[in-house]
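Under our numbering, read the sequence shown as residues 69 to 402, first letter to last.
Glycine included, C-beta positions come from ideal geometry on N, C-alpha and C.
Here the structure is a predicted model, which is why all the values come from computation and not from measurement.
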Amino acid sequence: MTSPQAGFPRARPRRLRRTPSIRALVGETRLGTSDLIWPVFLRDGTDMSEPIASMPGVNRLSVDRVVLAAKRAVDLGIPAICLFPYTDPAVKTELCEEAWNPDNLTNRAIRAIKSAVPDIAVMTDIALDPYNANGHDGIVRDGEIVNDETVEALVRMALAQADSGADILGPSDMMDHRIGAMRDALEAKGHQHVTIMSYSAKYASAFYGPFRDAVGASGALKGDKATYQIDPGNGDEALRMIARDLAEGADMVMVKPGLAYLDICRRVKDRFGVPTFAYQVSGEYAMIRAAAQNGWIDGEKVMMESLLAFKRAGCDGILTYFAPDAARLLNGRA
Ligand code: PBG
């Protein structure tokens, strides 16, 4: 609510903007390192760090290197890391069995990180796209993404990740009833403490392009994801998906992509008052990096401004590829 204001010149709003210290006193929004979740890409091998062309500054890391990244995150004050695997095309199948292999890349990385860096929260992605010969998040039968069979596969995947020690499961698939099915299975198998951050309001977005390169899914993908991800023009539908996922046992919810969907973030926070996160996705990252590399914008300033905007919109935290760079600045290190 805006309070009544005196007229000019009794009111001079610029008094509050005059010096850095006064601006600091009246600042409404704070960004801290504890607001950041760092998404990282995994690959096979040892001592490997492989650049991703469409995401300058982001690399696919072998498991030993991701352990070092997790240590760095803790040193920087970043509370969580989120794992995404680049899967060898040779193990991709129509039924996506590699997704729940206890020794797949993600599960090996979870165990390695939890044993070497127990203080960091390890988040995972639950969706079939990195393992799917079709590039889709669900199992495809006769050209259709079949819901219930996919949910069974996702539950297996969730249990394998929980068994490996994951702290936060991130279902990003947008199948119906996956949260309830996963929550019941986790309870039944003694994983009462594993949290779920549901990608509840996940839009069918073109901003995911560079990510699909990063996990090697873009070549495989046939068609688009519009039969399961939300139409970008819809806001009420996103709120219904959030309400449903909370009712099914999600602990935290996410809006994705981020910057183009800040109105959704605000509506979710105001309506539900639950831990609300946004994902500043690969395309958002790539646009800022590319413009900065061309000298068209100040990359650091735009990075910090975009992250602050998520906090202003009501988010409790942000998944962002900028996490280590932003944390370094927030810690006052160059
Ligand atoms: C997989 C998944 C995607 C992203 C996160 N998990 C891609 C997609 O849905 O096609 C996108 C992340 C990004 O673009 O940074 N289901």
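{"Query": "Starting from residue 117 and walking both ways along the beta strand (DSSP E), at which residues does that stretch end?", "Result": "117-119"}
{"Query": "So within the stretch 191-257, which uninterrupted beta strand (DSSP E) runs reach at least 3 residues, ignoring any that extend past its ends?", "Result": "236-239"}
{"Query": "Apart from the five residues just before and just after residue 399, which ones in its own chain have a Cβ nearer than 6 Å to its Cβ?", "Result": "none"}
{"Query": "Since residue 164 contacts residue 199 with CB under 8 Å, what's their CB separation in whole angstroms?", "Result": "4 Å"}
{"Query": "Would you call residue 90 buried or exposed, if buried means 16 or more other Cβ atoms sit within 10 Å of its Cβ?", "Result": "exposed"}
{"Query": "I'd like to confirm the pairing. Which residues does DSSP put opposite residue 102 in its beta bridges?", "Result": "The partner list for residue 102 (beta bridge, DSSP) is empty, contrary to what the question assumes."}
{"Query": "Can you give me the C-alpha to C-alpha distance between residue 279 and residue 351, rounded to a whole angstrom?", "Result": "8 Å"}
{"Query": "Give the straight-line distance between the Cα atoms of residue 326 and residue 346, rounded to the nearest whole angstrom.", "Result": "5 Å"}
{"Query": "In whole angstroms, what separates the C-alpha of residue 357 from that of residue 364?", "Result": "10 Å"}
{"Query": "Between the beta-carbon of residue 148 and the beta-carbon of residue 108, is there less than 7 Å?", "Result": "no"}
{"Query": "Going by alpha carbons, who is nearest to residue 360 out of 339, 124 and 394?", "Result": "124"}
{"Query": "Roughly how many angstroms lie between the CA atoms of residue 189 and residue 314, to the nearest whole one?", "Result": "21 Å"}
{"Query": "Would you please state the rounded distance, in angstroms, between the beta carbons of residue 193 and residue 232? I believe it to be under 8 Å.", "Result": "Their Cβ separation, rounded to whole angstroms, is 13 Å, which puts residue 193 and residue 232 out of contact at 8 Å."}
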